[in-house]
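Protein chains in written order, with the numbering used here: chain W, 551 to 987; chain E, 262 to 439; chain H, 9 to 897. The structure appears below as structure tokens.
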Amino acid sequence: MPKHELLLLKNMSQPGYTGSLAEYEATGGYQALRATLGKTAPADVTAAVRKSGLRGRGGAGFPTGVKWGFLPKDYQGPRYLCCNADESEPGTFKDRQLMERDPHQVLEGILLACYAIGAESAYIYIRGEMVLGSKILERAIGEARAAGYIGKSILGTGTNVDVWVHRGAGAYICGEETALLESLEGKRGLPRIKPPFPATHGLYNKPTVVNNVETLANLPHILTRGAEWFAAIGSPPKSTGTRVFCVSGHVQRPGNYEVPMGVTFRELVYEHAGGMRSDKPIKAFIPGGASAPFLTPSHLDVKLDFESVAAAGSMLGSGGVTVMEEGTSMVWAALRLMEFFYHESCGKCSPCREGSSWLVQTMRRIMAKRGRMQDLETLSDLCKNIAGRTVCAFGDAEVAPIQSTLKYWREEYVSLIREAEAADLIMPETVGARRES
Amino acid sequence: MLTDKYGKEIDEILSRYPVKRSALIPLLYLAQREQGYVTEAAMKEIAQLLKLTPPQVYETVTFYTVLNLKPVGKFHMQVCKSLMCALAGSDTVIGWIKTKLGIAPGESTPDGLFTLSAVECLASCGTAPMMQINDDYYEQLTEQKVEKILGDLRTTGTSDLKSGPYMWPLPVAVKGEK
Amino acid sequence: MPDTTKSTVRLTIDGTPISVPKGTLVIEAARRVGVMIPHFCYHPKLKPDANCRMCLVEIEKMPKLQTACSTQADEGMSVRTATTVVNDAHKSVLEFILANHPLDCPVCDQGGRCDLQDFSHQYTATTSRFVETKRIFQKNYFSPLIETQMNRCVQCLRCVRYCDEVMDVKALAPAGRGTMTEIKHFGTHALDCEFCGGCVQICPVGAITSRLSMYEYRPWMLKRADTICGYCGDGCQITVQTKEQELIEVNSTYGAGRNNGDLCARGFFGFHAAKHPERLTHPLIRRNGALVQTTWEEALEFVADQAGKIKATHGGQSFGGLISGRCTNEELYLFQKFMRVVIGTNDIDSSARYGHLNGMQAMRRVQGTHRWTVSFDDIAAADVLLLVGTNITESNPITGLRVKEAVKKRGATLVTIEALEPSIEAISNIANLSLHHFCVPAPRIGSAVLGLLKALVEQNLAQPDLARQQPAYVRAVTEALGQISWQDVQAVAGGDAAAYAAAAKVLAGGQRVVVLAGQSLLRSPDGHSGSLNLLDLLLLIGKLDQPGCGFAPLSEENNDQGAVEMGAAAEFLPGPFDVTDQESRSRIAAFWKAEPPQQGGASLVEMLDRAEAGLLKAMFIVGENPVGSLPAQVGAKESLRKLDLLVCQELFLTETAALAHVVLPVASSTEKNGTFTNTEGHVQAVRPAIEPVGESRPDWEVFVALSYLMGTPLEYAESRDILKEIRSLIPGYGSLGPAPMPPQVNRSAIDRYLADGYRHDLAARYRLGATAARPDGIVQLELVQSLFHSGKLSTRSRGLMEVEGSGALRVNPQDAARFALKDGDRVRLSNVRGEMTTTVTIRARVPQGTAWFPDHFGQTAAHLFECTIDPVTRTPSIRATAVSMMKVA
Ligand SMILES: Cc1cc2nc3c(=O)[nH]c(=O)nc-3n(C[C@H](O)[C@H](O)[C@H](O)COP(=O)(O)O)c2cc1C
Ligand code: SF4
Ligand code: FES
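Right, here's the structure in full:
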């Protein structure tokens, strides 16, 4: 039994809850919308969200109300809301659950956000593989439309919002907000250079807000129970509310756990997820999805909030917590993630594109016991040369696994290389050193 | 021609967007639903519908992994091999399928029924190891489950082991497997 | 354009202070203080994409390094480009870019002018840390003219972006993702596009190269000549590169010429014509009925001797002269001087007669100029553009780029009237960019212009000031238009009243309005009246005399404009001044120390008639081929056969030259000095890239030699001497600056026109054309421009022949269905005048009910057309006719 009050997972934790409109309404669903539309000025909704301290749950943790405030005030043309349901960060699987189990909660959040920012069209960009999720959302949209929550003059208030499900087609990068917009425009999902930001030049070059599913799902709760109430949950002032953490890896009970921000990793792993799956102790964990640097058991008492995790040298990211037991090869783990990043690099900018192919090949060589000592320096140089120099944050993400494992478990790399040396499998110097450019 | 068969659906798709090109991926899905992959004729037709050049359609298709430019087996088995699933044994799952069907990732069975791919994270890490077959997810795979899924697909074209709306862990009052 | 560009910001680059206009990119600001920031993906023509990350710089107060190519200079910014951090960043990015780059510089055509090679020398150690496997792409056939070497690609996407942003062609697809992204066309299909060569030129490495010059050279071995392309009136600057008299390739440079580095297929791939094996290399003389090789001495003496005799017997009036608008100004000038002074006749004409004169005469009459009052830059800066009768992409591709720039980059509104269906094809279509497009059959474009005018006056959109000051003019126009019913407009030109009304509103609402007119109007029977009516339109909306506004008839041949200005027309002395204008006559007579003939001369078709009647005894034809280009009905061949002396100066033995008594081989524009005047009136230098082929000589040398032999020497030692004379005689040739100021309208000419000048032909001009019934089986056949050809020269160019090797009839898909045709089928076209058989290609841009035949393969089709002559400008119109079409086995 969870010992904290659940917000987002509350409905679905009721056995038998199917997420239909009727059931959602029965638990107080769409009351926030009824109470807000036409009654609270859009600017006041934004102010309330700012006051609640809600920060984006998609990865970057940007304060949501502040983001909305960047939209041009006097702009006359259309504005758009895009719900980022691309959830492709390895280790993250919360948005899927929110959408498939309680779709109306997400829709209500979308409608509230549209009202606040003055958008009449919202697109839910859901990753292409989630066919079921898109069908559930479409059905829910149909229900909501029939009930007058979506469409022209919602609940007779004169507010118009249309919501569409738009399926992506298999590209992690389309979770990055500007790549998402490109993809939604029917193009290759290549991130745009910023500035300009989506707030002024977003979808079809119009003012646009991109928000994560979980971020939006919080809105009905904030608007029914008040910004102050929300701001008191978790670890105020900077990390308010709850978060749905996705626990995976070598734990007893993997899955999604909603806890107030600020509980420790120890509590999440040992109390909620039931501890390690075997008697092997924990060796490492990733605190916030594949893009977050690995942490060690010594970080178990770090609090799960934005600042504490950042201070520990990692990031809370998308909330994907992956736990690895003793005996897991950290070089292998980093390589697995590196393979993901290599596969998903969009190819737009050279450091990320070339760097990912270089890194993955070097890592494979080391793993295959054909490494050389110089490789370690090359690896960390490459990581350093990628981070901060790319078009989007993917570059920073892709180096995190290697940099952090090199930092904490360098000896594992070294011993693989030693084995290579011992077996005389080392690559002949000539292959590399004599290449002229 | 897609327009002949799906005229209404195409119009509905186009009506969702103020700019035509946005309908590109939805229309490509339509084409793929029709033939299992995106044919050249479909790309040309879609280009014409959206006032794009065929290269513009083509460049988009090649960017996305869900869109196929070549035929795949009737059942496209995509096993997640990312770290989280790998920690739970996804390599073993691939091994099982390899022995049962005699195909490695990237290959299809000679009867054209199954194609095996190793893919990246599908947002099921909590219920790893898992795979997607066509539109459906199959999670918490065991050797027995894989066996049954393959059998079901062969005989009935579907399997009741596929996942419903996702939730893990399950609500406490409900006991047992999902 | 909003005024924001006016304000400037101050910043420092490596400590050097500089002020730049707001919006300037840091990389450009740095360039201004002489700091070259290394870059691959940046190109001033393209929107910043910042994908290569090569241009990273340090900017004070910004935590991360920034890309100079996408960051705008800001007030107080302090940029550092030379710190260790920046240098390390450049080194590391270069290391990444080189990681997958092959080491094939020795066999790469880009070697020696490769950005990657240059930066590598600047930054990297000679050993690479990259010991992994390089990505390898399978070599694929890409296209007949353009080759890709994807292993060399640095994925800057400049080619793709250029193809889309500048050309609007969108033929290149970056396929795949990550390191395995490669530039393709469509699946495994070979590239099909405009072949402008832009991707080849803009690729910073050797990933996209021209097949015409593959493996033929190293850049440093080549000799370069900056000259002007001779294929169309746009007058692009090109650099012809040669190796020991061989033409190797053509380039253009960003920032240079009116084309600013852009070219079309003709300019980029059409350069081989001069070295075609069939070039005439020796003078030919007719002996016993056959043309045989002879010496220059003998040929010239024969001509001088015969001409002298004819002149003595029949007088100068028995001579006619015809010259091509492809010759240099110097040659055109000297030719007319030769005809007027040495021979003594005004029977002179040039290819400008075919249409360009219609526009020029209209401008002279209404606004008192013979040139555009706008420049290419005004087109790009216009907020409303009206294109009438021009498939501009295919006839004047580079002017077309300025139109695209106005619409795509600056949001201008485009209104188009042309026999052109909007379509997405391998060749970009200007109608796709248009807000109001009227697809009107070519012969009735003039009627659509009337529809527009009618909508204008009916909505009271005429300038109130004008109505106040010139009420009679406005009333007359309004009344004339009142005679026309919307029903008739619709029946003749199509398009309903509402469509015209909407377009008229747009035009009247524009600030900077430019009207471009092209061949479909200028070469039609309405060429002259339609031009006048368009000028009326500009007058009515009060824009004719406004800065940045004006009427711009597009010239087809590269020097049509020059031909008229040099006086190579019966009715014009150099200037152009009317032959009858006493003041100009005396000025010129004083200069020439000889009086130009008094009598107004005969135009092209009139000369042929005079020859037919036995009045004309001798003709000098320079680079023109009336037998090949005029319909059989005109009887050019028969007429020319009657001449006692026909002298042709030619590159090739054309149908006309084959009839000559003497054929003199002359140098092409690749082989001589001179100047061309492009369609916007810009005079540009032509320079030789190779020596004249064989014994060929520049045309002007022939005139000089003949003048000596005929006893009235024209004394010029080189082309430049002629230019000197032109400069002192002809306004606008005084200075050949890089950016010409277009002339202003002549206010008093406008006033004269408004007061009275419009009157005499208003009723005739404001009359709709006839509706043509189009029974089953009949199509309207039109001679059109093709993007890949221009005149006969281009058909001697192997590059262009690769793309379009023969004249095929282009038909609309619906018509194809109607006639049960597919690509490559053969059809027979026939009418009372004759018949022809040809193959068809199906093209969506061809309007239904019409079929297009490319003009430059037109010999086979010419006899189907009839020729109507404009009573005022004496322009023959031969572009459209009705034929019945039948599929044949
Ligand atoms: C490479 C990359 C992938 C991302 N993937 C996702 C994603 O799958 N889902 C998501 O919500 N945000 C993702 N983001 C974050 C988005 O860019 C963006 O910050 C977020 O959608 C904003 O919503 P929020 O403010 O509500 O978090 C990703 C960012 C990057 C750089
Ligand atoms: S043909 Fe015209 S547009 Fe093309 S390159 Fe030559 S001058 Fe320029
Ligand atoms: S030139 Fe700036 S990123 Fe390429």
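Every residue, glycine too, gets a C-beta built ideally from N, C-alpha and C.
Can you check DSSP and say which residues form a bridge with residue i?
i, result
"Met826 (chain W)", "W:Val801"
"Arg605 (chain W)", "W:Pro613"
"Arg677 (chain W)", "Note: Arg677 (chain W) sits in no beta bridge, so no partner."
"Gln657 (chain H)", "H:Val630 and H:Leu672"
"Ala422 (chain H)", "The residue you asked about is not Ala; residue 422 (chain H) is Leu in the sequence shown. Note: Leu422 (chain H) sits in a beta bridge opposite H:Leu393."
"Trp714 (chain W)", "W:Tyr673"
"Val916 (chain H)", "An answer regarding residue 916 (chain H) cannot be provided, because it is not within the stretch 9 to 897 covered by chain H."
"Asp397 (chain E)", "E:Ile394"
"Leu64 (chain H)", "H:Thr75"
If we ignore side chains and look at the alpha-carbon of each, how far apart do residue i and residue j end up?
i, j, result
"Leu791 (chain H)", "Glu812 (chain H)", "16 Å"
"Arg143 (chain H)", "Gln157 (chain H)", "12 Å"
"Pro451 (chain H)", "Ser218 (chain H)", "40 Å"
"Glu66 (chain H)", "Met44 (chain H)", "15 Å"
"Ala215 (chain H)", "Thr187 (chain H)", "15 Å"
"Phe336 (chain E)", "Asn395 (chain E)", "6 Å"
"Arg985 (chain W)", "Lys737 (chain W)", "Note that Arg985 (chain W) scores 35 on pLDDT, short of 50, meaning its location in the model is unreliable; the coordinates nonetheless yield the value given after this. Taking the straight line joining both Cα atoms gives about 38 Å."
"Ala719 (chain W)", "Ala840 (chain W)", "20 Å"
"Gly454 (chain H)", "Gly535 (chain H)", "8 Å"
"Ser906 (chain W)", "Phe891 (chain W)", "7 Å"
"Pro449 (chain H)", "Gln296 (chain E)", "42 Å"
"Ala273 (chain H)", "Ile406 (chain H)", "11 Å"
"Leu443 (chain H)", "Thr421 (chain H)", "6 Å"
"Ser712 (chain H)", "Lys680 (chain H)", "The sequence given here places Val at residue 712 (chain H); Ser does not occur at that position. Rounded to the nearest angstrom, the two C-alpha atoms are 15 Å apart."
"Val435 (chain E)", "Asp372 (chain E)", "Unreliable positioning characterises Val435 (chain E) in this predicted model, as indicated by a pLDDT of 45, which lies under 50. The coordinate reading is nonetheless provided below. Roughly 41 Å between the two C-alpha positions."
"Gly31 (chain H)", "Ile743 (chain W)", "16 Å"
"Lys412 (chain H)", "Ile438 (chain H)", "8 Å"
"Val964 (chain W)", "Gln125 (chain H)", "36 Å"
"Tyr267 (chain E)", "Glu632 (chain H)", "57 Å"
Closer than 7 Å: is that where the CB of residue i sits relative to any heavy atom of ligand 4?
i, result
"Ile700 (chain W)", "Looking at this structure, you won't find ligand 4 anywhere; what it does contain is ligand 1, ligand 2 and ligand 3."
Contained beta strand (DSSP E) runs [length at least 3] in the region 736-805 of chain H, N- to C-terminal order: If only uninterrupted beta strand (DSSP E) runs of at least 3 residues are considered, those enclosed by the region 736-805 of chain H are 786-792.
Closer than 7 Å, Cβ to Cβ, to anything on chain E: give me those residues from the region 161-182 of chain H, in chain order. So the close ones are Lys178, Ala179, Leu180, Ala181 and Pro182.
Please list the residues of the region 684-700 of chain W that have a C-beta atom closer than 8 Å to any C-beta atom in chain E, keeping them in chain order. Hits within the stretch, in order: Ile686.
Meets three-Cβ-pair contact criterion under 8 Å: the region 709-720 of chain W and the region 875-888 of chain W: With a cut-off of 8 Å, the region 875-888 of chain W and the region 709-720 of chain W do not count as touching, because too few Cβ pairs lie within range.
Do three or more CB pairs link the region 83-99 of chain H to the region 187-194 of chain H at distances below 8 Å? Counting C-beta pairs closer than 8 Å gives fewer than three between the region 83-99 of chain H and the region 187-194 of chain H, which falls short of the contact rule.
In the region 260-341 of chain H, which residue ranges form an unbroken beta strand (DSSP E) of at least 3 residues, counting only runs that do not cross its ends? Taking 3 residues as the shortest admissible run, the region 260-341 of chain H contains the following complete beta strand (DSSP E) segments, listed from N- to C-terminal end: 292-295, 298-301 and 327-331.
Just by C-beta distance, which residues in the region 183-197 of chain H are closer than 7 Å to chain E? For the region 183-197 of chain H, the beta-carbon criterion of a distance under 7 Å to any beta-carbon of chain E is satisfied by Ala183, Gly184, Arg185, His193, Phe194 and Gly195.
Indicate whether the contact test is met: 3 or more Cβ pairs, each with one atom in the region 712-720 of chain H and one in the region 304-319 of chain H, closer than 8 Å. Output reads yes: the region 304-319 of chain H touches the region 712-720 of chain H.
Can you find at least 3 beta carbon pairs, one from the region 505-512 of chain H and one from the region 340-360 of chain H, that sit closer than 8 Å? Taking a contact to require three or more Cβ pairs closer than 8 Å, the region 505-512 of chain H and the region 340-360 of chain H do not qualify as touching.
To be precise: take each residue of the region 298-319 of chain E, compare its Cβ to all Cβ atoms of chain W, and keep it if any distance is under 7 Å. Which residues remain? Within the region 298-319 of chain E, contact with chain W at the beta-carbon level (separation under 7 Å) is assigned to no residue.
Indicate whether the contact test is met: 3 or more Cβ pairs, each with one atom in the region 591-604 of chain W and one in the region 672-691 of chain W, closer than 8 Å. Because the criterion of three Cβ pairs below 8 Å is not met, the region 591-604 of chain W and the region 672-691 of chain W do not touch.
Please list the segments of the alpha helix (DSSP H) lying wholly inside the region 688-753 of chain W, counting only runs of 4 or more residues, in order along the chain. Runs found: 727-734.
Pull out every residue of the region 905-927 of chain W whose Cβ sits closer than 7 Å to any Cβ of chain E, in chain order. Look at the region 905-927 of chain W: it has no residue with a C-beta under 7 Å from a C-beta of chain E.
Please give the ranges of any alpha helix (DSSP H) in the region 591-637 of chain H, keeping only runs that are unbroken, at least 4 residues long and fully inside the region. Within the region 591-637 of chain H, the complete alpha helix (DSSP H) runs of at least 4 residues are 612-620 and 634-637.
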